[in-house]
Each structure stands twice: as C-alpha cells, then as structure tokens.
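S.K.: Provided herewith is a single structure, encoded as structure tokens, for subsequent inquiry.
In my numbering, the protein residues as written are 34 to 275.
Listed below in structure tokens is the structure:
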C-alpha cells in the first residue's frame with residue numbers, strides 16, 4: 034500500500050513537472066514575440082524609412098524632423114507608465130483617438146511586463162541553479178528553448194500565410210480581437226495623426242518582427258544542435274526524452 038502511494042506521488046510530481054515545463058515553453062515563446070515587437074517598435078529608423086518611401090512630408094505638410102518628434106513622443110507615451118497624457122504638437126486628437134491610444138498603451142505595458150517577468154524568472158533560475166544546486170543546467174535550458182523555437186516556427190508560418198494572403202484583413206482582425214470598440218477606425222478629419230501612420234508602416238513593422246523572430250529561432254536552434262550530443266547524453270542519464 035505504501036509502495037502504491039509512493040508511486041502515485043511520484044506520478045503526480047512528474048505530471049506537475051511536465052506541466053511546468055510546458056508552461057515555460059509556451060511563456061518563452063510569447064516572451065520572444067514580445068521582445069521582437071518591443072525591439073522593432075523602438076527602431077525609429079523604420080519610421081524614418083517609411084516617411085521617405087511614402088512621402089509623408091508632402092502628405093502631412095510637416096518636415097521629417099517634426100514627424101520623427103511626433104512618432105518618438107507617441108512611442109514614449111505607449112511605453113512609459115508614468116506618462117498619462119498623449120499630446121501631439123502638430124495634430125489634433127479626438128476623444129476616440131485618445132481612448133484608442135490608451136488601449137494600445139495598455140497592450141504595450143502588458144508586453145513589457147511579460148518580458149520583465151521572463152527576464153526575472155530566467156535570472157532567478159540561473160541564481161537558484163548556481164547557488165542551490167552548484168551548477169547551471171544549460172543543456173536542459175537549451176532543450177526547453179528549442180521546444181519554444183518549434184512553437185515560434187508554427188506561429189511564424191501561420192502569420193506569414195495571413196501576411197501574404199491579405200494583410201489588410203489580418204490587420205482588421207487583429208484590432209477586432211484586441212479591441213472591444215471601433216475607435217481604431219480613425220477619421221483623418223478629426224484624428225489627422227492617422228495620415229502620418231499609414232497601414233504600410235504596420236505592415237513593414239510586422240514583417241520586421243517576423244524577420245527578428247527568424248533570427249531568434251536560428252540562434253536557439255544553432256545553440257541546441259551545437260550541443261545536441263551533450264543534451265542527449267544528459268537526457269539519457271536523467272531519463273528524459275529528447
């Protein structure tokens with residue numbers, strides 16, 4: 034009877050451990066997407082290229098410098114939790130526009146929180162393994178990251194399919210999923226900022242995020258397969274399937 038109870042406890046611990054690993058794999062994938070998104074959004078040089086490519090200075094009547102200031106101000110508002118009011122120097126903004134940008138801000142803050150938790154958890158894992166276990170299990174970490182990379186590949190394929198089939202439809206569906214209103218449908222007469230933020234900007238940023246994710250996947254896969262033999266040996270010694 035006692036032996037049976039011990040086996041049940043071991044099985045429960047194994048299930049909990051596997052669920053924790055699965056949750057970490059999913060969370061790592063989400064964190065990678067968030068990191069890529071934050072990196073690209075902060076790459077203001079992309080907006081500078083869009084300004085030149087789509088001649089936004091002529092369309093808006095503003096200089097490149099003025100447009101860049103407005104864009105940097107918008108990015109700062111979206112990411113800085115201590116900035117509670119969005120102001121443009123050259124664009125009027127309706128109440129609907131303010132509400133939409135505030136909703137976008139909440140999404141950006143959520144992305145940053147996800148990344149922060151990921152970094153803290155990863156740092157905590159390193160510290161725990163270093164000072165409690167005496168060694169850092171890089172091989173196990175690479176195995177988990179490799180599984181996360183596999184999820185990213187699936188995500189990449191799905192997004193690329195939508196991206197090339199109909200970006201406008203995918204863009205619209207994204208807003209319908211993440212926003213409970215239609216305030217994102219800007220009227221340029223009352224929210225002229227939308228003229229300075231053409232759909233092509235979001236298409237290019239989306240493509241750049243996907244490209245960055247490809248580099249992340251390649252880096253993880255390279256690290257995993259470079260240490261494949263060590264990971265396989267570690268897994269076999271610990272009764273883990275690779």
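In this text, a Cβ means the ideal position worked out from N, Cα and C, and glycines have one as well.
This structure is a prediction, so every number in the text was calculated from the model and none was measured.
(1) Locate the alpha helix (DSSP H) running through residue 259, then write down its first and last residues.
(2) The alpha helix (DSSP H) spanning residue 148 covers which residue range?
(3) Judging by CA-CA distance, which residue of 259, 201, 54 and 248 is the nearest neighbour of residue 231?
(4) Between which residues of its own chain and residue 186 is the CB-CB distance below 7 Å, once the five residues before and five after are set aside?
(5) Between the region 178–192 and the region 208–220, are three or more C-beta pairs nearer than 8 Å?
(6) Rank 101, 212, 65 and 204 by C-alpha distance to the C-alpha of residue 134 and give the top, closest one.
(7) Any idea what DSSP makes of residue 173, helix, strand or coil?
(8) Can you give the Cα-Cα distance for residue 156 and residue 182, rounded to whole angstroms?
(9) Note down the Cα distance separating residue 259 from residue 172, rounded to an integer number of angstroms.
(10) Counting pairs of Cβ atoms below 8 Å between the region 237–244 and the region 60–79, do you hit three or more?
(11) So what does DSSP say about residue 87, is it helix, strand or coil?
(12) Just confirm the distance between the C-beta atoms of residue 226 and residue 130, as a whole number of angstroms; I'd bet it's less than 8 Å.
(13) Would you identify the three-state DSSP class for residue 119, choosing helix, strand or coil?
(14) Please confirm if the region 93–113 is in contact with the region 132–149, defined as three or more CB-CB distances below 8 Å between the two stretches.
(15) Would DSSP call residue 111 helix, strand or coil?
(16) Nearest-angstrom Cα distance between residue 94 and residue 56?
(17) Hey, out of 46, 60 and 261, whose CA is closest to residue 153's CA?
(18) Please report how far the alpha carbon of residue 229 lies from the alpha carbon of residue 125, in whole angstroms.
(19) Using a Cβ-Cβ cutoff of less than 8 Å, which residues in the same chain neighbour residue 34 once the five nearest sequence positions on both sides are dropped?
(20) Please state whether DSSP places residue 47 in a helix, a strand or coil.
(21) Which whole-angstrom value is the C-beta distance of residue 233 and residue 87, which I expect to be below 8 Å?
(22) Restricting to runs no shorter than 4 residues, where is the alpha helix (DSSP H) found entirely within the region 181–228?
M.R.: According to the data block:
(1) To locate residue 259, count along the chain shown from 1; it is residue 226. Per DSSP, residue 259 belongs to the alpha helix (DSSP H) from 232–259.
(2) Reading the chain shown from its first residue, position 115 is the one you call residue 148. Unbroken alpha helix (DSSP H) run through residue 148: 128–161.
(3) Taking the chain shown and counting its residues from 1, one reaches residue 231 at position 198. Of the residues 259, 201, 54 and 248, the one whose Cα lies closest to the Cα of residue 231 is 201.
(4) Translated into the one-based positions of the chain shown, residue 186 becomes position 153. Cβ neighbours of residue 186 beyond the five flanking positions: 250.
(5) Judged by Cβ distances under 8 Å, the region 178–192 makes no contact with the region 208–220, as fewer than three pairs qualify.
(6) In the chain shown, the residue the question calls residue 134 occupies position 101. The candidate whose alpha carbon is nearest that of residue 134 is 212.
(7) Start at 1 with the first residue of the chain shown, and residue 173 comes out as number 140. It is helical.
(8) Translated into the one-based positions of the chain shown, residue 156 becomes position 123. Translated into the one-based positions of the chain shown, residue 182 becomes position 149. Taking the straight line joining both Cα atoms gives about 20 Å.
(9) Counting from 1 along the chain shown, the entry for residue 259 is found at position 226. Counting from 1 along the chain shown, the entry for residue 172 is found at position 139. The alpha-carbon separation between residue 259 and residue 172 amounts to approximately 11 Å.
(10) Touching, yes.
(11) On the chain shown, position 54 is the one that residue 87 refers to. Coil at residue 87, not helix or strand.
(12) Residue mapping note: residue 226 aligns to position 193 of the chain shown, counting from 1. Residue mapping note: residue 130 aligns to position 97 of the chain shown, counting from 1. That pair is a contact at about 7 Å.
(13) Residue 119 sits at position 86 when you count from the first residue of the chain shown. In the structure shown, residue 119 sits in coil (DSSP, three-state: anything other than H, G, I, E or B).
(14) With contact defined as three or more Cβ pairs closer than 8 Å, the region 93–113 and the region 132–149 are in contact.
(15) Sequence index remark: in the chain shown, residue 111 carries index 78 (1-based). Of the three classes helix, strand and coil, the one that applies to residue 111 here is helix, per DSSP.
(16) Working through the chain shown from its first residue, we reach residue 94 at position 61. Working through the chain shown from its first residue, we reach residue 56 at position 23. Looking at the two C-alpha atoms, the distance is approximately 50 Å.
(17) Reading the chain shown from its first residue, position 120 is the one you call residue 153. Nearest of 46, 60 and 261 to residue 153, Cα basis: 60.
(18) The sequence position of residue 229 within the chain shown is 196, counting from 1. The sequence position of residue 125 within the chain shown is 92, counting from 1. Cα to Cα, residue 229 sits roughly 12 Å from residue 125.
(19) Within the chain shown, residue 34 is the residue found at index 1, counting from 1. Note on residue 34: pLDDT 48, under 50, position unreliable in the model; the coordinate value appears next. No residues qualify anywhere along the chain.
(20) Taking the chain shown and counting its residues from 1, one reaches residue 47 at position 14. DSSP places residue 47 in the helix class (H, G or I) of the three-state scheme.
(21) Position 200 of the chain shown, counted from the start, is the residue given in the question as residue 233. Position 54 of the chain shown, counted from the start, is the residue given in the question as residue 87. Contact holds; Cβ gap of about 6 Å.
(22) Within the region 181–228, the complete alpha helix (DSSP H) runs of at least 4 residues are 200–211.
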